[in-house]
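There are 2 protein chains.
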Amino acid sequence: MTTLNDVAKLAGVSTMTVSRVINGSGYTSPAAQARVNQAIAELGYMPNVLARQLRSSRTKTLGLVLTDIANPFFTTIARGVEDAARAQGYAVMFCNTDESVDLELEYVRVLIQRRVDGVLLVPAADSSTSLDLLRTHKLPVVVLDRRLRFGEADQVRADSEGGAYDAVRHLIDLGHREIAILVGPESVSTSADRVAGYRRAMIEAGLDPASQQIRFGKYTEASGHEMTCHLLAAPTRPTAIFAGNNFIAFGAMQALRESGLEIPDDMSIVVFDDLPQGWIIPFLTVIAQPAYQIGKKAAELMLERLASDEPIEPRTFVLRSSLIVRRSSAPPRSTSKQPAPARARSMENPA
Amino acid sequence: MTTLNDVAKLAGVSTMTVSRVINGSGYTSPAAQARVNQAIAELGYMPNVLARQLRSSRTKTLGLVLTDIANPFFTTIARGVEDAARAQGYAVMFCNTDESVDLELEYVRVLIQRRVDGVLLVPAADSSTSLDLLRTHKLPVVVLDRRLRFGEADQVRADSEGGAYDAVRHLIDLGHREIAILVGPESVSTSADRVAGYRRAMIEAGLDPASQQIRFGKYTEASGHEMTCHLLAAPTRPTAIFAGNNFIAFGAMQALRESGLEIPDDMSIVVFDDLPQGWIIPFLTVIAQPAYQIGKKAAELMLERLASDEPIEPRTFVLRSSLIVRRSSAPPRSTSKQPAPARARSMENPA
DNA sequence: AAGAGGTGTGTTATCGTTACCATAGCATAG
DNA sequence: CTATGCTATGGTAACGATAACACACCTCTT
Numbered sequence: 001m002t003t004l005n006d007v008a009k010l011a012g013v014s015t016m017t018v019s020r021v022i023n024g025s026g027y028t029s030p031a032a033q034a035r036v037n038q039a040i041a042e043l044g045y046m047p048n049v050l051a052r053q054l055r056s057s058r059t060k061t062l063g064l065v066l067t068d069i070a071n072p073f074f075t076t077i078a079r080g081v082e083d084a085a086r087a088q089g090y091a092v093m094f095c096n097t098d099e100s101v102d103l104e105l106e107y108v109r110v111l112i113q114r115r116v117d118g119v120l121l122v123p124a125a126d127s128s129t130s131l132d133l134l135r136t137h138k139l140p141v142v143v144l145d146r147r148l149r150f151g152e153a154d155q156v157r158a159d160s161e162g163g164a165y166d167a168v169r170h171l172i173d174l175g176h177r178e179i180a181i182l183v184g185p186e187s188v189s190t191s192a193d194r195v196a197g198y199r200r201a202m203i204e205a206g207l208d209p210a211s212q213q214i215r216f217g218k219y220t221e222a223s224g225h226e227m228t229c230h231l232l233a234a235p236t237r238p239t240a241i242f243a244g245n246n247f248i249a250f251g252a253m254q255a256l257r258e259s260g261l262e263i264p265d266d267m268s269i270v271v272f273d274d275l276p277q278g279w280i281i282p283f284l285t286v287i288a289q290p291a292y293q294i295g296k297k298a299a300e301l302m303l304e305r306l307a308s309d310e311p312i313e314p315r316t317f318v319l320r321s322s323l324i325v326r327r328s329s330a331p332p333r334s335t336s337k338q339p340a341p342a343r344a345r346s347m348e349n350p351a
Numbered sequence: 352m353t354t355l356n357d358v359a360k361l362a363g364v365s366t367m368t369v370s371r372v373i374n375g376s377g378y379t380s381p382a383a384q385a386r387v388n389q390a391i392a393e394l395g396y397m398p399n400v401l402a403r404q405l406r407s408s409r410t411k412t413l414g415l416v417l418t419d420i421a422n423p424f425f426t427t428i429a430r431g432v433e434d435a436a437r438a439q440g441y442a443v444m445f446c447n448t449d450e451s452v453d454l455e456l457e458y459v460r461v462l463i464q465r466r467v468d469g470v471l472l473v474p475a476a477d478s479s480t481s482l483d484l485l486r487t488h489k490l491p492v493v494v495l496d497r498r499l500r501f502g503e504a505d506q507v508r509a510d511s512e513g514g515a516y517d518a519v520r521h522l523i524d525l526g527h528r529e530i531a532i533l534v535g536p537e538s539v540s541t542s543a544d545r546v547a548g549y550r551r552a553m554i555e556a557g558l559d560p561a562s563q564q565i566r567f568g569k570y571t572e573a574s575g576h577e578m579t580c581h582l583l584a585a586p587t588r589p590t591a592i593f594a595g596n597n598f599i600a601f602g603a604m605q606a607l608r609e610s611g612l613e614i615p616d617d618m619s620i621v622v623f624d625d626l627p628q629g630w631i632i633p634f635l636t637v638i639a640q641p642a643y644q645i646g647k648k649a650a651e652l653m654l655e656r657l658a659s660d661e662p663i664e665p666r667t668f669v670l671r672s673s674l675i676v677r678r679s680s681a682p683p684r685s686t687s688k689q690p691a692p693a694r695a696r697s698m699e700n701p702a
């Protein structure tokens, strides 16, 4: 491996001059620059980032800890993060925790040991020891997607409560009265918030609280399948399902198919989370989250904090989600009520 | 930041002893180990990986350069790579080139500068200057998914030619005679190989070479859409389409829908590449590639090479792909021929 | 003419760790 | 009793880069 020193010798200057030419820092004469660049080209020199980082104690690297990298919602977030980071010369290390607190902690350790400049985190659970660890090592943190009980870090997420409200309200407007909600773990803030939005819409519509059907599970297809099977077996079968994320929706759809139920004729479905275009025949009515924007905003907050000399107060951004009405939601089959017009904010691919 | 030295002072030993305790290298007494571990816990010490890597000139990190991280085929490969790497204590840096040769080169530069121990590469084009660069820097390389003109690196890929042959043969057995193939760029080996398999099947069936309909484009939805539109506008419309990857298939399906054509009644579709289960109502007849295995095998070859003292001759592994018959392929509507029984190797979710 | 300030370059001292060599105690072998 | 080898530890010198300081040479001011 050729080093700065090799280049310096060949160019007949000191290593510092070479360093200055490469980094564009300090003064260098055009003559020196020319000779250095010549030598670099000749030797095919590539700087050793490790040494640079060790000396300067800055890695220009961010850690991004996600709970499920197979979920397009999170890959889209990752893209937003990466684009924003790369625009300022930062690299991103991706870590996938599969919703495991232990794995999360392990990855945070790795990130600290690799001396990343900051960590963007989707916490697997609310009471996070990872956050404590990060704090003791004085690493700046931005929390994505999920709410934090104690607001000691920057936070960026979509409006789960409002989005859920819109979704359920849409179903109510279509004439549904028996609406079930299937979400992830109760300990994850998005679940709680989506249930809160559901409750608000149900109560506001004057529906009997006893008609609320709320099920907590996991944000996985298997869990969605299971919860739906339970729903269908229950005495009062709902006419509409609000799925807490896209995987739950897939599981639900699978269960409905197995039971020979048609969407939306026998059961309406609304989903929190959109999918990238084109993956599926546009079919599902969804609450679309600005995933890319969440990632981008989070990275920008972090970079701003890293660039600033003075300490910055923790900030929280809650981005709007939007209802997109497609073909998986319709008035219930056996309703005599006149469905009110849908209060959709946007329409896409109307059937 | 606490350092080895801080730990050493607190434990009352030399830094080397601390280093040895941490790495389990050399001799250390139980007494020393206890005091060192005590001191580490007390200080919350975390090793500086940067310094370690600089000193040992090994990063225990692999670079993985992919052409499209949004494609589940490649994310599955990535999982295989990561699992195999992590099993041996290696980390993975992911890079996404979007099929751009320039981006690929840029990322390879980054990987070299970060001193990764080896690079796993899906080359964006056949004549790859990135490979030259990697070779001059003496970095071991494994090429994934695509064939290399010059065999100077380890290679792991699925059998594109054989898979394509099986796909087309399946269509022919169903009674199709006018079969079109839509693939990616001609310069990418998978395109060429899939066309070769198509040709072999067509010729073997004794079909007029003039009936071959081959279109090169890109491995994207937009390109699949465009190519299909051209197909439909042509004088001799095919009765079946063989899509070179899943994105091309999505574009094709979109185009068919726009033209009011039903699958498989008006047009059969077979696709190279499977999707993760559950994303779509199992519908598409596909050639499933062992994506996870490709990634795993590639990482294992790399790790083996890194662990070995003696040089290893370049090796090539071609993994079998398998036909999975689902509902998107059926006999052509207006054929009078008796369809031969499908030569499917496996059946899944038969309609 | 003397100081001020910009320009260009070099020297030295680290960043935090491990490679390498040295040393010292003690047991066993011959 | 010396030789050999194992155990346990420490000292020193890098790894390849940059920060900080020093210095020399200009060109302007005043």
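From first to last, the protein sequence lines are chains G and F.
Counting in this note's numbering, the first sequence tops out at residue 351, every number present.
Counting in this note's numbering, the second sequence tops out at residue 702, every number present.
Cβ coordinates follow ideal geometry from the N, Cα and C atoms, glycine included.
None of these values were measured; they are calculated from a predicted model.
For residue 252/G, no chain F residue has a C-beta closer than 8 Å to its own C-beta; the minimum C-beta separation is roughly 11 Å. For residue 93/G, the enclosing beta strand (DSSP E) starts and ends at 91-96. Following the DSSP letters along the chain, one finds residue 212/G in no alpha helix (DSSP H), marked with neither H nor E.
Annotation: the continuous beta strand (DSSP E) that includes residue 674/F extends over 673-676.
Residue 540/F holds the alpha-carbon nearest to the alpha-carbon of residue 500/F among 658/F, 512/F, 465/F and 540/F. Remark: fewer than three beta-carbon pairs, one from each stretch, lie closer than 8 Å, so the stretch 73-81 of chain G and the stretch 48-58 of chain G are not flagged as touching. The continuous alpha helix (DSSP H) containing residue 191/G extends over residues 189-204. Excluding residues up to 5 positions away in sequence, 560 lie with their Cβ nearer than 8 Å to the Cβ of residue 554/F in the same chain. Contact between residue 615/F and residue 680/F holds, since their C-beta atoms are separated by about 6 Å, short of 8 Å.
The beta-carbon of residue 53/G is placed less than 8 Å from the nearest beta-carbon of chain F.
For residue 486/F, the uninterrupted alpha helix (DSSP H) segment begins and ends at 480-487. Scanning its chain for C-beta atoms nearer than 6 Å, with the 5 sequence neighbours on each side dropped, one finds around residue 603/F the residues 575, 579, 592 and 594, in chain order.
Not flagged as an interface residue toward chain G: residue 567/F, since no C-beta distance is shorter than 8 Å. Interface annotation, residue 445/F: in contact with chain G, CB-CB separation under 8 Å.
Considering only beta carbons, the part of the stretch 373-404 of chain F lying closer than 7 Å to chain G consists of 395, 397, 398, 399, 400, 401, 402 and 404, in chain order.
Take the alpha-carbon of residue 303/G and the one of residue 124/G: they are about 23 Å apart. Residue 87/G is positioned such that its CB atom lies no closer than 8 Å to that of residue 60/G.
Cβ-Cβ distances below 6 Å link residue 39/G to 7, 10 and 11 in the same chain, with the five nearest sequence neighbours on each side left out; the list follows chain order. Spatial neighbours of residue 4/G in its own chain (CB-CB distance under 7 Å, excluding positions within 5 residues in sequence) are listed in chain order as 15, 18 and 19.
The three-state secondary structure of residue 70/G, taken from DSSP, is coil. Within chain G, the residues placing a beta-carbon under 9 Å from that of residue 426/F are 69, 70 and 75, ordered along the chain.
By the Cβ neighbour-count rule, residue 1/G is exposed, with fewer than 16 other Cβ atoms within 10 Å of its own. Boundaries of the alpha helix (DSSP H) around residue 646/F: 642-658. Residues of chain G with a Cβ closer than 8 Å to the Cβ of residue 460/F are, in chain order, 46. Here the alpha carbons of residue 100/G and residue 145/G stand approximately 16 Å from one another. Residues 178 of the same chain have their beta carbon placed closer than 7 Å to that of residue 236/G, with the five preceding and five following residues left out of the count. For the C-beta of residue 113/G, the chain F residues within less than 8 Å are, from N- to C-terminus, 397, 398, 399 and 400. For the stretch 229-242 of chain G, the set of positions with a beta-carbon nearer than 8 Å to some beta-carbon of chain F is empty. Look at residue 639/F here: in three-state DSSP terms it is strand. At least one beta carbon of chain G lies nearer than 8 Å to the beta carbon of residue 487/F. According to DSSP, residue pairing for residue 506/F in a beta bridge involves 494/F and 667/F. For the pair residue 666/F and residue 652/F, the CB atoms are nearer than the 8 Å cut-off. Residue 420/F and residue 447/F do touch by the CB rule: their CB atoms are close to 4 Å apart, below 8 Å. Going by beta carbons, residue 76/G and residue 122/G fall outside the 8 Å limit. Residue 605/F has its alpha-carbon roughly 27 Å from the corresponding atom of residue 552/F.
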